[in-house]
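End of the sequence shown = 138 in the working numbering, gap-free, step of one. Structure record follows, encoded as structure tokens.
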Amino acid sequence: MDTSGDHAADALSGLLDAQLAAADEQVVRAHLAGCPACAAELREVETARSWVRGLPAVEPPFGFYARLLDTRRRRRWAVASLAAAAAASVAFVGVLPAREAPVKPAVATLIRTHAVTASVDGDPVSQLATAGVPVSFRP
Numbered sequence: 000m001d002t003s004g005d006h007a008a009d010a011l012s013g014l015l016d017a018q019l020a021a022a023d024e025q026v027v028r029a030h031l032a033g034c035p036a037c038a039a040e041l042r043e044v045e046t047a048r049s050w051v052r053g054l055p056a057v058e059p060p061f062g063f064y065a066r067l068l069d070t071r072r073r074r075r076w077a078v079a080s081l082a083a084a085a086a087a088s089v090a091f092v093g094v095l096p097a098r099e100a101p102v103k104p105a106v107a108t109l110i111r112t113h114a115v116t117a118s119v120d121g122d123p124v125s126q127l128a129t130a131g132v133p134v135s136f137r138p
């Protein structure tokens, strides 16, 4: 049963559609007996369903199914969509800066300043250096 908090929520539609397991249906019906808010919501959903089901059938426009199944037209839309996406990608890349903006102060300057001013005993990052393991990429 799908519930939201202390209310029956989406289980109401399942109840109306007879899609709930017998045990879940009993739980929902017991909840409806003691919860006026959910009982009112069930009545509203039933009313809305009856209105929608009472609407006349709508005939699709002439040629609707043929256009829907026309693979050439769908292929043209797919190609056009792909071309538009490619053009948008090229345009987006074209407006990006050619290179990253420089960082001030330069990272190399920050590293040199840190190396000169840092104390090995008081700097927790420098203490991690002893935990490094030498790595070789040679076979």
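Where a beta carbon is used, it is the ideal one built from N, C-alpha and C, also for glycine.
Residue i, buried or exposed, once every other Cβ within 10 Å from all chains shown has been counted against 16
| i | result |
| --- | --- |
| Ala7 | buried |
| Leu68 | exposed |
| Leu54 | exposed |
| Leu109 | exposed |
| Leu19 | buried |
| Leu41 | buried |
| Asp16 | exposed |
C-beta atoms of residue i and residue j nearer than 8 Å
| i | j | result |
| --- | --- | --- |
| Leu14 | Val27 | yes |
| Ala10 | Asp23 | yes |
| Arg66 | Arg72 | yes |
| Ser12 | Val51 | no |
To test your reading of the DSSP string, which unbroken alpha helix (DSSP H) runs of 4 or more residues are found completely within the region 3-42? Unbroken alpha helix (DSSP H) runs of no fewer than 4 residues, entirely contained in the region 3-42, are found at 10-15, 21-33, following chain order.
Could you tell me which uninterrupted alpha helix (DSSP H) segments, each at least 4 residues in length, are contained entirely in the region 53-114, listed from first to last along the chain? As far as the region 53-114 is concerned, its whole alpha helix (DSSP H) runs of at least 4 residues are 63-68, 70-94.
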